[in-house]
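Count along the sequence shown from 1, add 1, and you get the number used in my numbering. We put the CB at the ideal spot given by N, CA and C, even for glycine. Note that the structure is a prediction, hence the values are computed from the model and not measured. Heads up: the structure comes next, in structure tokens.
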Amino acid sequence: MLGFKKKNKSQEETKKDQTLLEPGRKPDAPKADKKADPPASGEDGGSPPRNKTKKIFQKLSPKRLMVFLVLPAIVAAAAWVGYAWFFSDPGEKPPEYKNIPMPHVSLPEEMRRFCFNQMPDLYKAFAAYNDTVTLFDHEIARITEIGENYPEQKKIADAEKKVWERSKDRLLNAFSKIEDTVKQMYVLFQVNEEQGLAMIQEKKDDLVNTAQDALAPARDQAGNITHQPSQEPDGIIQGLFYTLKKKFL
Numbered sequence: 002m003l004g005f006k007k008k009n010k011s012q013e014e015t016k017k018d019q020t021l022l023e024p025g026r027k028p029d030a031p032k033a034d035k036k037a038d039p040p041a042s043g044e045d046g047g048s049p050p051r052n053k054t055k056k057i058f059q060k061l062s063p064k065r066l067m068v069f070l071v072l073p074a075i076v077a078a079a080a081w082v083g084y085a086w087f088f089s090d091p092g093e094k095p096p097e098y099k100n101i102p103m104p105h106v107s108l109p110e111e112m113r114r115f116c117f118n119q120m121p122d123l124y125k126a127f128a129a130y131n132d133t134v135t136l137f138d139h140e141i142a143r144i145t146e147i148g149e150n151y152p153e154q155k156k157i158a159d160a161e162k163k164v165w166e167r168s169k170d171r172l173l174n175a176f177s178k179i180e181d182t183v184k185q186m187y188v189l190f191q192v193n194e195e196q197g198l199a200m201i202q203e204k205k206d207d208l209v210n211t212a213q214d215a216l217a218p219a220r221d222q223a224g225n226i227t228h229q230p231s232q233e234p235d236g237i238i239q240g241l242f243y244t245l246k247k248k249f250l
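Written as structure tokens, this is what we have:
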């Protein structure tokens, strides 16, 4: 038995030696026990290395890091303020009353203020009425001057002058009735505020409509004026009304 085992062992060693001595044959490489290393991150579609961002922040000085972090916040805040400034409601502050001279309106200043506060649309109609009458007066004066310069043709000037005077009279009569109603409202409001407010709510729309109906034909007629007054009124407010009159009438 022992001799047989020794024989087999010697045969196996002989085969192994022969294998090592065969020409052109390389010995088998040992099997690797370790697993292959995974591909570096960032290669072949991998995610970027996380340590790269940390290295960037580590290289920045504290001041630069502060600027890097604060600057985007400042830009965002400025953008928000700009948006709010351009697109937000400018505010609900009511307009302030200013004592604008209206020589063709017979209401005293306190009643015009009352109209401004309680019936702003009617106050605007009074302002337009005053400017329209001023235009009519200038046109009537211009036509009168032409008739005086050419007395032989004075009948032509007088006929045209009457057209403007009739239109002016109709406008004056319509606003005279409106003014009387406003005077009643003002006194009633001073005596009994509750009843005065009730009267305002009842009649303000009718007054505004009456004023607009009276102004409409006068504005159409004033639009035919080709010779506007050359002298611009003094003062900012008067100049504003003069500009609006030239633009819309």
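Q. In this structure, does DSSP put G197 in helix, strand or coil?
A. For this step, residue 197 is matched to residue 196 along the sequence shown. Helix.
Own chain residues within Cβ distance below 7 Å of I226, not counting five before or after = Position 225 of the sequence shown, counting from 1, holds the residue named residue 226. Correct list, in chain order: L136, E140.
N100: first and last residue of the uninterrupted alpha helix (DSSP H) it sits in = For the purposes of this step, residue 100 is taken as the residue at position 99 of the sequence shown. From DSSP, N100 is part of no alpha helix (DSSP H); its letter is neither H nor E.
**Request:** Please confirm whether I144 and K162 have their CB atoms less than 9 Å apart.
**Result:** Residue mapping note: residue 144 aligns to position 143 of the sequence shown, counting from 1. Residue mapping note: residue 162 aligns to position 161 of the sequence shown, counting from 1. Their beta carbons are under 9 Å apart, which means I144 touches K162 by this criterion.
Pairs of beta-carbons, one from the stretch 205-213 and one from the stretch 146-165, closer than 8 Å: are there three or more? Contact fails between the stretch 205-213 and the stretch 146-165, because fewer than three Cβ pairs, one in each stretch, are under 8 Å apart.
P218 beta carbon less than 9 Å from that of R171:
Residue numbering aside, residue 171 sits at position 170 when the sequence shown is read from its first letter. Residue numbering aside, residue 218 sits at position 217 when the sequence shown is read from its first letter. The answer is yes: Cβ separation under 9 Å.
Task: Cα-Cα separation between N100 and E110, rounded to whole angstroms - done: On the sequence shown, position 99 is the one that residue 100 refers to. On the sequence shown, position 109 is the one that residue 110 refers to. Straight-line Cα distance between these residues: approximately 7 Å.
How long is the line joining the alpha carbons of F117 and L123, rounded to whole angstroms?
As a first step, residue 117 must be located in the sequence shown, where it is residue number 116. As a first step, residue 123 must be located in the sequence shown, where it is residue number 122. Between F117 and L123, the C-alpha separation is close to 8 Å.
- request: Check M1 in the structure and name its three-state DSSP category.
  value: Look at the range of the chain in this structure, 2 to 250, and you will see that residue 1 is not part of it.
Quiz prompt | Proximity winner among E149, V188, G224, A212, relative to A128 (alpha-carbon distances) | solution = Taking the sequence shown and counting its residues from 1, the one referred to as residue 128 is at position 127. Ranking E149, V188, G224, A212 by Cα distance to A128 puts A212 first.
TODO: State yes or no: is the C-beta of Y130 within less than 9 Å of the C-beta of V164?
DONE: Reading the sequence shown from its first residue, position 129 is the one you call residue 130. Reading the sequence shown from its first residue, position 163 is the one you call residue 164. In this structure, V164 does not lie closer than 9 Å to Y130 by Cβ.
Is DSSP giving P109 helix, strand or coil here?
The count along the sequence shown starts at 1 and reaches residue 109 at position 108. Assigned with DSSP and collapsed to three states, P109 falls in coil, not helix or strand.
For N210, which of helix, strand or coil comes out of DSSP?
-> Locating residue 210 in the sequence shown gives position 209, where the first residue counts as 1. In this structure, N210 counts as helix in the three-state DSSP scheme.
Q. How big is the Cα-Cα spacing for Q119 and V134?
A. If you number the sequence shown from 1, residue 119 lands on position 118. If you number the sequence shown from 1, residue 134 lands on position 133. Taking the CA atoms as reference points, Q119 sits about 24 Å from V134.
### Message
Using only the alpha-carbon positions, how far apart do E220 and L173 sit?
### Response
The residue given as residue 220 occupies position 219 in the sequence shown. The residue given as residue 173 occupies position 172 in the sequence shown. As written in the sequence, residue 220 is Arg, which differs from the Glu given in the question. Between R220 and L173, the C-alpha separation is close to 14 Å.
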